[in-house]
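S.K.: Sharing a structure below in structure tokens format, with a few things to ask.
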Amino acid sequence: MPLSSPPGPLTRALGAPGRWSVAGQTFALQVIVAVLVVAAGLAGAFVQAQRAGDQEALARALAVARTVAATPDVITAVQGPDPTQALQAYALRVQQQSQTDFVVVMSRDAIRYTHPDPTQIGKKFIGHTEDALAGGVVEEDYTGTLGPSARVVVPVTDRGRVVALVSVGIRKSAVGERVRAQLPGLLLAGVVAAVLSGLGTALVARRIRRQTHGLGEQQLREMYEYYDAVLHAVTEGLIITDLDGRLRLANDEAGRLLSLPPDAVGRPVSELGLAAPLVAALTDDATHEDELHVTAARVLVLNRGPARWKGRLLGHVATLRDRTDLEALTGELDSARGLTEALRSQAHESANRLHTIVSLIELGHADRAIAFATDELQVSQLLTDRVVGSVDEPALTAVLLGKAAEAHERGIAFGIEPGAHWPRDVAPTRDVVTIVGNLIDNALDAVAAEGGPPRPERHVTFDSWVDEAYAVLEVSDDGPGLPPGGVEEAFRRGWSTKEQGSAGRRGIGLALVSQTVERLGGTLEVHGPPGATFTVRLPAGARGEGDG
Numbered sequence: 386m387p388l389s390s391p392p393g394p395l396t397r398a399l400g401a402p403g404r405w406s407v408a409g410q411t412f413a414l415q416v417i418v419a420v421l422v423v424a425a426g427l428a429g430a431f432v433q434a435q436r437a438g439d440q441e442a443l444a445r446a447l448a449v450a451r452t453v454a455a456t457p458d459v460i461t462a463v464q465g466p467d468p469t470q471a472l473q474a475y476a477l478r479v480q481q482q483s484q485t486d487f488v489v490v491m492s493r494d495a496i497r498y499t500h501p502d503p504t505q506i507g508k509k510f511i512g513h514t515e516d517a518l519a520g521g522v523v524e525e526d527y528t529g530t531l532g533p534s535a536r537v538v539v540p541v542t543d544r545g546r547v548v549a550l551v552s553v554g555i556r557k558s559a560v561g562e563r564v565r566a567q568l569p570g571l572l573l574a575g576v577v578a579a580v581l582s583g584l585g586t587a588l589v590a591r592r593i594r595r596q597t598h599g600l601g602e603q604q605l606r607e608m609y610e611y612y613d614a615v616l617h618a619v620t621e622g623l624i625i626t627d628l629d630g631r632l633r634l635a636n637d638e639a640g641r642l643l644s645l646p647p648d649a650v651g652r653p654v655s656e657l658g659l660a661a662p663l664v665a666a667l668t669d670d671a672t673h674e675d676e677l678h679v680t681a682a683r684v685l686v687l688n689r690g691p692a693r694w695k696g697r698l699l700g701h702v703a704t705l706r707d708r709t710d711l712e713a714l715t716g717e718l719d720s721a722r723g724l725t726e727a728l729r730s731q732a733h734e735s736a737n738r739l740h741t742i743v744s745l746i747e748l749g750h751a752d753r754a755i756a757f758a759t760d761e762l763q764v765s766q767l768l769t770d771r772v773v774g775s776v777d778e779p780a781l782t783a784v785l786l787g788k789a790a791e792a793h794e795r796g797i798a799f800g801i802e803p804g805a806h807w808p809r810d811v812a813p814t815r816d817v818v819t820i821v822g823n824l825i826d827n828a829l830d831a832v833a834a835e836g837g838p839p840r841p842e843r844h845v846t847f848d849s850w851v852d853e854a855y856a857v858l859e860v861s862d863d864g865p866g867l868p869p870g871g872v873e874e875a876f877r878r879g880w881s882t883k884e885q886g887s888a889g890r891r892g893i894g895l896a897l898v899s900q901t902v903e904r905l906g907g908t909l910e911v912h913g914p915p916g917a918t919f920t921v922r923l924p925a926g927a928r929g930e931g932d933g
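Residue numbering for the sequence shown follows the working numbering, starting at 386 and increasing by one per position.
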């Protein structure tokens with residue numbers, strides 16, 4: 386029952402992958418995100434560079450202004466008769482060496498002594514000077530005669546007294562030019578980041594495409610929904626195991642049939658508390674077809690085969706069908722069929738006896754005819770009276786009488802121990818029939834199939850009694866008994882000392898008995914050889930448990 390890669394009806398119903406697979410959508414989304422991140426990073430880097438340029442310009446202007454204001458020649462010149470003559474050339478030289486756009490020395494009234502444009506000398510400085518006159522520093526962006534600039538104004542002091550002011554500035558256009566000069570490097574870094582992000586995105590998309598088999602988002606969603614619906618709706622138990630023998634999937638029916646714990650998925654099958662034969666069947670590499678397995682409460686039909694995808698073995702898939710009720714009914718049908726055959730044989734034998742009696746009467750031996758008929762009637766009536774008197778359960782009475790007739794037909798002496806007693810309502814009727822019917826069938830088969838020289842008589846005996854809170858029934862035979870070490874094997878599914886029957890049910894009877902007794906909370910013991918004695922103890926409240 387292998388699973389392979391060719392598409393089935395469900396796959397065809399879902400349709401072929403769309404143009405935009407999950408991998409493609411992921412790739413496109415990651416590319417968009419990467420582009421946005423790189424663009425935002427470049428914009429942020431540009432703004433940061435511009436802000437850093439402004440700060441660097443103000444810091445450089447402040448350093449130059451303080452240096453000029455602290456120069457002794459400047460202090461002397463601003464208090465001399467012609468400050469412009471003494472300071473103009475000096476200011477231009479400092480401006481050129483410091484790569485600033487203007488160095489202006491002015492009076493306390495903001496009248497310029499120096500300026501890059503000589504026509505502005507003697508005119509009032511455009512900007513704020515109040516904080517500088519108070520001994521502080523002015524830092525600002527202001528639009529003056531040279532356009533927008535980042536400027537500082539510092540005081541020129543002599544013995545603590547402000548005697549003049551110095552302003553140094555750098556045009557904003559010059560700051561922008563320096564920032565723009567950094568753009569190639571920023572763009573190169575952005576391109577490198579985009580390329581690396583694209584490569585990573587391509588690798589991620591490739592991995593996703595491989596894992597999703599190129600399916601689109603809609604196909605994956607529909608596949609999950611349909612598959613999940615099928616798994617919950619299917620009436621058979623479905624189990625998938627991987628190559629390591631771990632449970633990878635179990636639908637609701639499988640969990641119910643096997644009584645799996647909630648955390649079963651992902652655990653080794655050997656740790657789920659299943660019977661050893663079932664564990665072996667679920668973990669080996671063989672293919673199983675219509676194989677019967679008995680759990681503590683059920684009889685299951687197992688089919689199992691490899692699960693493959695494009696020739697690659699992924700694990701194994703198994704299906705389970707509940708055959709508990711069917712197996713019990715089949716056992717009852719077998720018992721009824723045996724009873725029918727026995728009754729047919731008895732009818733044939735009764736006809737022979739009737740002919741014998743009639744012939745004896747016709748020959749004038751009426752006394753011998755009466756004795757012959759009376760002996761047969763006494764034997765049959767004795768068995769019937771003993772069964773009816775010992776067993777209060779009508780169904781069990783019928784089973785015992787049927788098995789007695791079958792045993793008589795097969796030449797086996799079937800007896801019920803004197804004093805045997807089985808009360809009514811100890812356990813569900815069907816369960817009692819299953820236990821007694823299978824045990825007696827097993828005993829009859831055991832003595833009938835015994836090898837060696839023929840014996841004059843073979844015996845099967847039934848006994849029952851009440852022991853405190855337990856009802857006990859016992860079936861014994863004088864057959865060969867169980868083989869050495871075969872007690873545990875006797876209750877394993879498939880064990881039998883007989884050839885396989887046409888219905889494939891050999892080896893299931895004792896397993897059903899063991900399962901039924903365990904479900905009812907009883908015990909089952911086996912003794913022998915010589916012979917075999919099966920003893921079943923059922924609690925008095927077993928009916929309440931079994932009727933569920």
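No residue lacks a Cβ here, since even glycine has one placed at the ideal position from N, Cα and C. These numbers come from a predicted model, not from an experiment.
1) Hey, how far is the Cα of His976 from the Cα of Ile460?
2) For Val811, which of helix, strand or coil comes out of DSSP?
3) Residue range of the beta strand (DSSP E) that Ala692 falls in?
4) My guess is that Arg633 and Gly700 are in contact by the Cβ rule of under 8 Å, so how many angstroms apart are they, rounded?
5) Shortest alpha-carbon distance to Gln440 belongs to which of Glu910, Gly521, Ala535, Ala828?
6) How big is the Cα-Cα spacing for Val449 and Ser483?
7) Span of the alpha helix (DSSP H) holding Gly749?
8) Nearest by alpha-carbon distance to Val860: which of Leu657, Thr920, Thr542, Val541 is it?
9) Which word fits Leu923, buried or exposed, when buried means at least 16 other C-beta atoms lie within 10 angstroms of its C-beta?
10) Compare the Cα-Cα distances from Leu858 to each of Glu676, Gln464, Asp516, Leu909 and report the closest residue.
11) Got a sec? Which residues, its chain only, sit under 6 Å from Pro468 by beta carbon, not counting five neighbours each side?
12) When the Cα of Arg641 is compared with those of Ala732, Asp852, Ala792, Leu659, which residue comes out closest?
13) Buried or exposed for Val580, please, with buried defined as at least 16 other CB atoms from any protein chain shown within 10 angstroms of its CB.
14) Are Ala517 and Val489 closer than 8 Å when you measure CB to CB?
15) Between the region 814-831 and the region 778-798, do at least 3 Cβ pairs fall closer than 8 Å?
16) Taking Cβ positions, are Pro808 and Ala856 nearer each other than 8 Å?
17) Looking only at its chain, what residues have a beta carbon closer than 7 Å to the beta carbon of Asn823, apart from the 5 residues adjacent to it on each side?
18) At the level of alpha carbons, what is the spacing between Leu477 and Pro503?
19) Span of the beta strand (DSSP E) holding Thr461?
20) If I follow the unbroken alpha helix (DSSP H) through Asp637, where does it start and stop?
21) Smallest Cα separation from Ala519: which of Asp543, Val547, Ile511, Lys509?
22) Would you report the Cα separation of Pro466 and Thr485, rounded to the nearest angstrom?
23) Given a threshold of 16 other Cβ atoms within 10 Å of its Cβ, counted over all protein chains shown, does Pro779 qualify as buried or as exposed?
24) Would you tell me roughly how many angstroms separate the C-alpha atoms of Ser644 and Asn636, rounded to the nearest one?
25) Give the C-beta separation of Leu443 and Glu515 to the nearest angstrom, bearing in mind that I take them to be a contact with Cβ-Cβ under 8 Å.
26) Taking buried to mean at least 16 other C-beta atoms within 10 Å of its own C-beta, is Glu791 buried or exposed?
27) Under 6 Å Cβ to Cβ from Ala474, same chain only, skipping five residues before and after it: list those, please.
28) Please report the straight-line C-alpha distance between Pro662 and Thr672, rounded to a whole angstrom.
29) Within 10 angstroms of its Cβ, does Val902 collect 16 or more other Cβ (buried), or is it exposed?
30) Taking the alpha carbon of Gly532 as the point to measure from, which residue in Val522, Gly545, Leu677, Phe487 has its own alpha carbon closest?
31) For Ile825, tell me which candidate among Leu905, Arg436, Asp810, Ala798 has the shortest Cα-Cα distance.
32) Which residues does DSSP list as the beta-bridge partners of Pro540?
33) Starting from Thr846, follow the beta strand (DSSP E) in both directions and report where the run begins and ends.
34) Distance, Cα to Cα, Gln505 vs Met491?
35) Going by DSSP, which residues form a beta bridge with Asp526?
36) Determine, using beta carbons only, whether Arg507 and Gly529 come nearer to each other than 8 Å.
M.R.: By the coordinates alone:
1) The structure shown has nothing for residue 976, since the chain only spans 386 to 933.
2) coil
3) 684-694
4) 6 Å
5) Ala535
6) 7 Å
7) Looking at the DSSP string, Gly749 is not in any alpha helix (DSSP H), and its letter there is neither H nor E.
8) Thr920
9) buried
10) Leu909
11) Ala462, Tyr498
12) Leu659
13) exposed
14) no
15) yes
16) yes
17) Gly716, Gly894, Leu895, Leu897, Val898
18) 11 Å
19) First-last for Thr461: 457-462, but that is the alpha helix (DSSP H), not the beta strand (DSSP E).
20) 637-643
21) Val547
22) 28 Å
23) exposed
24) 12 Å
25) Between Glu515 and Leu443 the Cβ distance is about 18 Å, and since that is not below 8 Å, they are no contact.
26) buried
27) none
28) 14 Å
29) buried
30) Phe487
31) Ala798
32) Leu550
33) 844-852
34) 12 Å
35) Ala535
36) Here the sequence assigns Gly to residue 507, which means Arg is not the residue at that position. Contact: no.
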